[in-house]
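Numbered per numbering that gives the first Met the number 0, the sequence shown spans residues 0 to 427.
Comments concern the structure below.
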Amino acid sequence: MILNSWVAEERGAVDRLSNLPINAIQNIIGRMPIRDAARTSILSSKWRYFWAEYPEVVLDEQFYAEIMRNNSPNFFRTEYVNKVNGILFQHLGPILKFVLDIPELYSTQYSSIDQWLLFVSRKDVTELILHNRSPNPYKVPCYAFSCPKLAYISVTKCIFSAPNSEGFFGKLTHLVLETVTFQFSVLNLPQLVQLELKNCFGIQLLCVSTPSLRILNLLDNDDLDLSYYITCKDLEEVCIGLSDGVEHDKLDKNITLTKLLGCWPELECLYLNGSFLKHLAAGDIPQRLPIDQVNSLISLTQFRITYHCAEIACILCLLQSALNLSELEIWADKQIIYDEKTVSYLKEPGLMKQSFKGLQTVIMQMFKGSTSELLLVKLLLACSPSLERMCIEENQDLDPIDRLNTSKELLRFSRASPKVEVIFQPGN
0 MILNSWVAEE RGAVDRLSNL PINAIQNIIG RMPIRDAART SILSSKWRYF
50 WAEYPEVVLD EQFYAEIMRN NSPNFFRTEY VNKVNGILFQ HLGPILKFVL
100 DIPELYSTQY SSIDQWLLFV SRKDVTELIL HNRSPNPYKV PCYAFSCPKL
150 AYISVTKCIF SAPNSEGFFG KLTHLVLETV TFQFSVLNLP QLVQLELKNC
200 FGIQLLCVST PSLRILNLLD NDDLDLSYYI TCKDLEEVCI GLSDGVEHDK
250 LDKNITLTKL LGCWPELECL YLNGSFLKHL AAGDIPQRLP IDQVNSLISL
300 TQFRITYHCA EIACILCLLQ SALNLSELEI WADKQIIYDE KTVSYLKEPG
350 LMKQSFKGLQ TVIMQMFKGS TSELLLVKLL LACSPSLERM CIEENQDLDP
400 IDRLNTSKEL LRFSRASPKV EVIFQPGN
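See below:
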């Protein structure tokens with residue numbers, strides 16, 4: 000009797016699982032690691048092929064870490080390749096999203112990765128995420144990008160060579176490449192709205208056409224060529240961080256702050272690092288940019304700032320020019336130089352010809368309490384009639400005595416500007 004009751008309960012549980020709506024089953028499978036999803040095939044006949052028909056295949060670091068835990072180093076690589084083969088070649092229907100984190104494999108096993116990418120490229124993939132976690136380079140075969148429906152590509156630590164054939168990347172809207180080494184590539188990306196190139200090598204071998212671009216991120220690459228992007232009139236967000244290893248003498252000297260921002264009339268958010276600001280300041284820095292040039296700018300972030308005079312002059316020029324700017328964020332570099340020229344410049348009588356009327360929020364990170372930093376804080380408080388909040392986060396290595404002295408100075412400044420909430424807080 001008890002046994003029959005238990006069997007009936009089990010059958011009832013299975014029946015409830017079998018009767019779930021398809022979208023509910025897909026939602027459950029989508030929240031599982033793929034190896035667990037594959038195990039659902041034993042639940043009932045209805046569930047047998049659901050995991051194999053699910054349109055997202057995520058073979059990430061968690062996936063190979065589990066295989067690594069269950070196998071000795073000598074057997075892991077072979078077992079990993081066998082597991083991926085089993086999952087992919089049992090898959091039925093389209094694979095709209097494919098995520099592959101590559102562990103350290105033998106070079107002879109890279110041909111298996113090529114086969115996986117060829118297989119996925121024929122499965123109507125729209126989102127391809129490929130991260131190489133191995134110290135060894137992996138060259139992505141051109142046919143990995145051959146699916147005409149590809150809309151999102153993210154590649155890390157690989158060798159990248161674009162296909163020469165027409166018709167590739169026609170629907171691509173997002174391209175994120177990090178620590179990628181380029182071979183000669185010509186990319187025609189008519190629908191691309193977001194491009195990120197971070198810590199890449201061989202930038203000079205890359206030719207790009209992106210007429211619809213709205214978000215551009217060029218950070219710490221081995222070279223900087225803005226000629227492909229100054230014609231992108233729809234850009235709304237730009238981040239440019241010049242690597243310290245880039246020789247300024249080899250960069251385009253015709254790119255000035257005025258010329259660059261005059262090319263992007265729709266720009267709303269701008270992120271620039273100190274090294275690039277110094278490059279822009281190689282010529283004369285105007286007190287203000289031409290009228291209406293940066294009227295769309297509402298957020299300005301400057302990072303890795305050493306408080307060199309050229310950096311500060313660029314920042315103040317932008318503040319006086321962007322009348323609708325409401326938020327300013329400044330991240331100090333690890334090392335702040337003491338520049339007597341900066342101190343004299345910030346003390347100059349009548350330095351500001353116009354107040355920062357729209358500025359409401361100022362955030363300063365890794366604050367060290369240097370003379371230049373304190374003078375800039377004083378200037379911002381004095382010239383920002385709409386300022387509501389100034390948040391200053393100290394550098395975590397700040398000496399206790401310096402912290403005390405900085406706190407006293409900031410308290411004195413805040414008393415002179417009682418309408419502004421000045422917050423001085425410890426760094427993380």
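Heads up, the beta-carbon is just placed ideally off N, CA and C, and yes, glycines get one too.
With a cutoff of 8 Å on beta-carbon distance, residue 224 and residue 202 are scored as near each other. In the DSSP assignment, residue 186 forms a beta bridge with 207. Contact between the segment 397 to 417 and the segment 339 to 355 is not established, with fewer than three Cβ pairs separated by less than 8 Å. Bounds of the beta strand (DSSP E) holding residue 100 are 96 to 101. When the alpha-carbon of residue 270 is set against those of 245, 258 and 298, the nearest one is in 298. Collapsing the DSSP output to three states places residue 117 in a helix. Shown here, residue 143 sits in a helix according to DSSP, grouped into three states. Here DSSP, grouped into helix, strand and coil, assigns residue 232 to coil. Counting along the chain, the unbroken beta strand (DSSP E) around residue 268 starts and ends at 268 to 272. Beta-bridge annotation (DSSP): residue 240 is paired with 218.
Beyond the five residues adjoining it in sequence on each side, residue 152 comes within less than 6 Å, by CB distance, of 127 and 174 in the same chain, given in chain order. Contact between residue 104 and residue 68 does not hold, since their C-beta atoms are separated by about 17 Å, which reaches or exceeds 8 Å. The beta carbon of residue 338 sits closer than 6 Å to those of 307 and 308, all from its chain and outside the five residues before and after it, given in chain order. By the criterion of a C-beta distance shorter than 6 Å, residue 267 is surrounded in its chain by 235, 295 and 297, once the five residues flanking it on both sides are discounted. In this structure, residue 144 lies away from residue 183, with their beta-carbon atoms at least 8 Å apart. Here residue 160 has 138, 139, 141, 181, 182, 183 and 184 as same chain residues with Cβ atoms under 8 Å from its own Cβ, once five neighbours each way along the sequence are excluded. Residue 97 is a Cβ neighbour of residue 119, given a cutoff of 8 Å. Here DSSP, grouped into helix, strand and coil, assigns residue 77 to helix. Residue state for residue 321 is assigned as coil, using DSSP reduced to three classes. Taking residue 171 as reference, the option from 177, 179, 190 and 163 with the minimal CA-CA separation is 190. Distance check between residue 320 and each of 289, 327 and 340 places 289 closest, using alpha-carbon atoms only.
Counting only runs of 3+ residues, the beta strand (DSSP E) found wholly inside the segment 335 to 377 occupies 360 to 366, in chain order. Take the alpha-carbon of residue 92 and the one of residue 214: they are about 33 Å apart.
Apart from the 5 residues on each side of it in sequence, residue 277 sits with its Cβ closer than 8 Å to the Cβ of 247, 307, 309 and 310 in its chain, given in chain order. Distance between residue 53 and residue 188, taken at the CA atoms: about 29 Å. Collapsing the DSSP output to three states places residue 331 in a strand. Considering only 373, 383, 179 and 330, the residue with the shortest C-alpha distance to residue 352 is 383. In the DSSP assignment, residue 409 falls within the unbroken alpha helix (DSSP H) covering 399 to 415. For residue 300, DSSP records a beta bridge to 270 and 328. Distance from residue 229 to residue 262 at the Cβ level is roughly 4 Å; contact confirmed, criterion being Cβ atoms closer than 8 Å. Looking from the CA of residue 80, the closest CA among 112, 279 and 419 belongs to 112. Remark: C-beta atoms of residue 303 and residue 253 do not approach each other more closely than 8 Å.
Where residue 155 is concerned, the enclosing beta strand (DSSP E) starts and stops at 151 to 155.
Note that the C-beta distance between residue 293 and residue 260 is below 8 Å. Listed as beta-bridge partners of residue 159 by DSSP are 181.
Annotation: the continuous alpha helix (DSSP H) that includes residue 61 extends over 60 to 68.
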